Every structure is written in structure tokens, then in C-alpha cells.
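Numbering (our numbering), first residue to last: 31 to 248.
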């Protein structure tokens, strides 16, 4: 079930805090899905995005203390959320879709970096995968490819691209999400359950900020 973006975004903040608050020794660990970042760098990115979105909605982000570590960044992110959540709610609950998708994708990156299983259920999943399917749809259309039917093994489905699909790809919900978010290599993409030859559609998985990594993703 899709929930409003301010609900989904709050759930991501809570999930990231739960991941990091218990693992202070991992704050400088590398994040394989974002090769240039440590855990602290990734959290800094999330805080920066929240600040920019808050300013776009007329808010004034509080000042972040210099040389902030993970505890300070988590507190600052929550302070931004206290201003941002009601603004997103007033805007109708869909103004933060891309921010939610970015934050949830990075929560999963943190899970992979820390060796923690991704949550089986998450309030941000439905909203986030809608954004990813929309991005893949545009990529398929721009490349003149036939539409693609996307399915999860638990029964959710979408059509990427306009028209009647000529092929389908099926995967567990977490694997499908990571595939659409540029976290699976071309080799990993081809091992998903395809009804046709996957190579035709592989270029479409590069769009916006996403592209399949050369090496297999965790």
C-alpha cells in the first residue's frame, strides 16, 4: 500500500537511525553501492537533500555544527524532518516522492554495507518503486524499446513503457527494486526471470542518476 511521502520519509529516518545508532564502529565503513562514500558521507548526503527540499518549501534549515559525525547528523536530519514533514503533508503527500526514493535506496545501501538484511516490509517501498518504474518507463520510451512487464514474486506488477508489453521480468521485490535503482550489474540483471532475451532492455536500466555497476552489487 502506498502511503503519503511524509509518512514514508519519516520511516526511512527511523530506519537509518536504528541501523547506525547501534554501530558506532561502522561510521567510517565504505558503502559499496556508493564507492566514493563512507557511511558518514552517505548520511551527510541525506541531510543535505533534506535541507534543500525544506528550503524549496519555504523553510529555513537549522545550522549544522561543523565537523558533524553520525550522531549529530542523525539529530540534524530529524530536526529538518520536524519542519519538512508538515510541509509535505500540506502539499498533498506527493511532493517528496523523489526524495523518499533517494533516501530509501540509500537505506538499503546502508543495509548492504553493514551486512544487515533489508526490511521485509517498509513504508517507503511502494512510493519509491513507483518513482523507479516511472524512470525506467521514460528510458524505455526514449530508446524506442517495447514496453516491459515488471512483476514481483509476491504478485505486484507494473508496465514500464507505453503500450502492451512484449516481455516480462520477474524477481523478488527487493531484487527488483535494487535492479531498477542501479544496484545490480548487467550480469545480475540477466539472471532475473525473463520471458524473453533480456539484452534488448539492458540499456534502459541506465537513466537519470542510475546505471548498472560493472561488478555485481551486494
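C-beta atoms are modelled at their ideal positions from N, C-alpha and C, and glycine is treated no differently. A quick note: this is a predicted structure, and the numbers were derived from the prediction, not measured.
So, helix, strand or coil for residue i, using DSSP?
i	result
residue 231	coil
residue 60	strand
residue 197	strand
residue 187	strand
residue 104	helix
residue 220	helix
residue 68	strand
Around the Cβ of residue i, are there at least 16 other Cβ atoms within 10 angstroms (buried) or fewer (exposed)?
i	result
residue 101	exposed
residue 54	exposed
residue 31	exposed
residue 229	exposed
residue 35	buried
residue 242	buried
residue 184	exposed
Which stretch, first to last residue, makes up the alpha helix (DSSP H) that contains residue i?
i	result
residue 155	155-172
residue 204	203-210
residue 150	Careful: residue 150 lies outside any alpha helix (DSSP H) and carries neither H nor E.
residue 137	127-144
residue 214	Where residue 214 is concerned, there is no enclosing alpha helix (DSSP H), given that its DSSP letter is neither H nor E.
residue 97	Looking at the DSSP string, residue 97 is not in any alpha helix (DSSP H), and its letter there is neither H nor E.
residue 36	35-51
Can you find a C-beta in chain D that's less than 8 Å from the C-beta of residue i?
i	result
residue 78	As a matter of chain content, chain D is missing from the structure shown, which is built from one protein chain.
Between which two residues does the beta strand (DSSP E) holding residue i run?
i	result
residue 178	178-182
Under the assumption that residue i contacts residue j (Cβ atoms under 8 Å), give the Cβ distance between them as a whole number of angstroms.
i	j	result
residue 153	residue 33	5 Å
residue 126	residue 83	6 Å
residue 118	residue 106	Not confirmed; about 18 Å, so no contact.
residue 201	residue 220	Actually they are not in contact, since the Cβ atoms of residue 201 and residue 220 sit about 12 Å apart, beyond 8 Å.
> Looking at C-beta atoms only, is the number of pairs between the segment 34-50 and the segment 160-167 that lie closer than 8 Å three or more?
Replying inline: no
> Would the segment 217-236 and the segment 173-180 be scored as touching if the rule is three or more Cβ pairs under 8 Å?
Replying inline: yes
> Does the segment 196-209 come close enough to the segment 174-188 to have 3 or more Cβ pairs within less than 8 Å?
Replying inline: yes
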